[in-house]
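Working notes for the structure below.
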């Protein structure tokens, strides 16, 4: 299964569903489908794709409901099979009973929603179809279900419906029974058991996806990578501006940072400091000077590529300016967070780290809530957390500073996830042992940020290697737990082993950069990443708070 086949299958399914209801129509989507629609439209014409299906506008199903003036006579709804969506659908139908409505359940209607449709009296008033959209290619060798709020669904609400969706997406890939499957984490193990049970009863696929190994990974198996700020360009864009499956919004304008853009592909994994101080100014200067020195005939031939490169440089200079402005408006909070993270990961003096955390909590203005929680969780997971008395005092300070609305969120982080605990509160988590056995910390800054020798290039000041990627390396046979590469990594003739790594609960941009590095730097293994979403720590905390 290739990126092109996945994209063509998904767009054909959506296009066929829309074409089945001819005429001008309004598309109303589940609020969690923002990323899915952006990814779906990228590479197939964007807005023009929906215009070809006679979609006049795209709205979200959320309160307040869309006004009648915004709706066409035909309304096509794209929804997740959730009871809350049925309630909103009933309210929409009651407000506009004369409209023809069709709902497409993605990926399929559940029994609970079918019963809820009957209970709400909508069963024969609204047409229903199933729309089996599963993994979508976001970039080369990265596939996503685009499921917002997937983390809390799996690990806080303990909803197994998403596990079923993951298994269905694996079945859609038609893996052979010869594919070796491993699970890292309890939720991943349940998905593995369900998949193997279904696969054993299904006939062999006519055409199989050529994967030698499939490794399922729980997001909770590596909380550290979520809590440390990456310092490569793409990671910082996400950390500062918030990027959702390649989409970033600046000054009200939405930009899709696509890897089809060769310029973006060439800078995305670069160290941010090097990019801003050296690479972008040098490229801008070469474009300016090149125009002056190049003969007119040659300049005319290169005009198209020069304009494209200039536009790309201009966009990324604007992004850098926006990031600088956000950091300035936030009173250099990001810089302070990175300094505290470095002290925690570098195993600095506990008293100094406690003082820095207190300063971040009590300063005016205080650190933004998600930044503060990242530091507190990182402190608990790496250094074991504070003593109970100090822990309780900090909980009170958090409520005083951010309001009592944070209490449910603190409860989730403490009880459900065990990320925010006092000393001794998480006896099963042994960071010091993992750090040594998995070679997670280089222990010093990386000197050559342009030519890193391992996957810690996204964290050059501390030399941190993403834990989940290390675990995958061990699972697939690339490394030993002793932190030494296996002799088998010596190049051998023949094609590389293809490894599908499937993250349940989301994958971080730093991890994606690590897999790109591995694919570039060796030829024994070729990694493809599938995920329920591409996650962002701020969105994750906001989702946890909203779900309470």
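Residue numbers (my numbering): 12 to 559.
C-beta: ideal position from N, C-alpha, C; glycine also.
Remember, it's a predicted structure, so these values are computed and weren't measured experimentally.
| query | result |
| --- | --- |
| Return the bridge partner residues of residue 243 from the DSSP annotation. | 282 |
| Determine, using beta carbons only, whether residue 123 and residue 142 come nearer to each other than 8 angstroms. | no |
| List the DSSP bridge partners of residue 111. | 85 |
| Suppose you measure from the CA of residue 237 to the CA of residue 268; what does that come to, to the nearest Å? | 21 angstroms |
| Put residue 307 into one of helix, strand or coil per three-state DSSP. | Caution is warranted here: a pLDDT of 47 is assigned to residue 307, below 50, making its placement in the model unreliable, and no coordinate value can be reported. |
| For residue 430, does the three-state DSSP call read helix, strand or coil? | coil |
| According to DSSP, which residues form a beta bridge with residue 69? | 38 |
| Whole angstroms are fine: how far does the CA of residue 31 sit from the CA of residue 469? | 47 angstroms |
| From this set, 77, 87, 410, which residue's C-alpha is nearest residue 34's C-alpha? | 87 |
| I need the boundaries of the beta strand (DSSP E) containing residue 440, first residue and last residue. | No beta strand (DSSP E) contains residue 440, which DSSP labels as neither H nor E. |
| Over what stretch of residues does the beta strand (DSSP E) that includes residue 536 continue unbroken? | 536-542 |
| Please report the Cβ distance between residue 543 and residue 515, rounded to the nearest whole angstrom; I am assuming they are in contact, meaning their Cβ atoms lie under 8 angstroms. | 6 angstroms |
| DSSP state of residue 150, grouped into three classes? | strand |
| For residue 75, count neighbouring C-beta atoms within 10 Å of its own C-beta (all shown protein chains included) and say buried if the count is 16 or more, exposed if not. | exposed |
| What would DSSP say about residue 135, mapped onto helix, strand or coil? | coil |
| Just the C-alpha distance for residue 20 and residue 372, rounded to the nearest angstrom, thanks. | 49 angstroms |
| Compute the Euclidean distance between the alpha carbons of residue 270 and residue 186, then round it to the nearest angstrom. | 27 angstroms |
| How about the stretch 238-246 and the stretch 464-482: do they share at least three Cβ pairs that are nearer than 8 angstroms? | yes |
| In this structure, what does DSSP give as the bridge partners for residue 264? | 261 |
| Rank 163, 421, 416 by C-alpha distance to the C-alpha of residue 406 and give the top, closest one. | 421 |
| What would DSSP say about residue 312, mapped onto helix, strand or coil? | Reliability fails at residue 312, whose pLDDT of 44 lies under 50, so the model's placement of it is uncertain and no value is given. |
| Tell me the rounded alpha-carbon separation between residue 517 and residue 126. | 30 angstroms |
| Identify which residue in 357, 552, 525, 144 has its Cα closest to the Cα of residue 442. | 357 |
| Taking the straight line between their C-alpha atoms, what separation do you get for residue 193 and residue 479? | 14 angstroms |
| Does residue 545 come out as helix, strand or coil in the three-state DSSP assignment? | strand |
| Tell me whether residue 388 sits in a helix, a strand or coil according to DSSP, three-state version. | helix |
| Compare the C-alpha of residue 71 against each of 52, 56, 63, 45 and name the closest. | 45 |
| Per DSSP, residue 141 is paired with what? | 116 |
| Does the stretch 38-55 come close enough to the stretch 534-541 to have 3 or more Cβ pairs within less than 8 angstroms? | no |
| Could you tell me the boundaries of the alpha helix (DSSP H) in which residue 512 lies? | From DSSP, residue 512 is part of no alpha helix (DSSP H) but of the beta strand (DSSP E) over 508-515. |
| What is the DSSP secondary structure of residue 374, counted as helix, strand or coil? | coil |
| In its own chain, which residues sit with a C-beta less than 7 angstroms from the C-beta of residue 73, not counting the 5 before and 5 after it? | 42 |
| Just reading off the alpha helix (DSSP H) that residue 229 is part of, what are its end residues? | Per DSSP, residue 229 belongs to no alpha helix (DSSP H); it is in the beta strand (DSSP E), 224-229. |
| How about residue 178 and residue 205: are their beta carbons less than 8 angstroms apart? | yes |
| When burial is assigned at 16 or more other CB atoms within 10 Å of the CB, is residue 176 buried or exposed? | buried |
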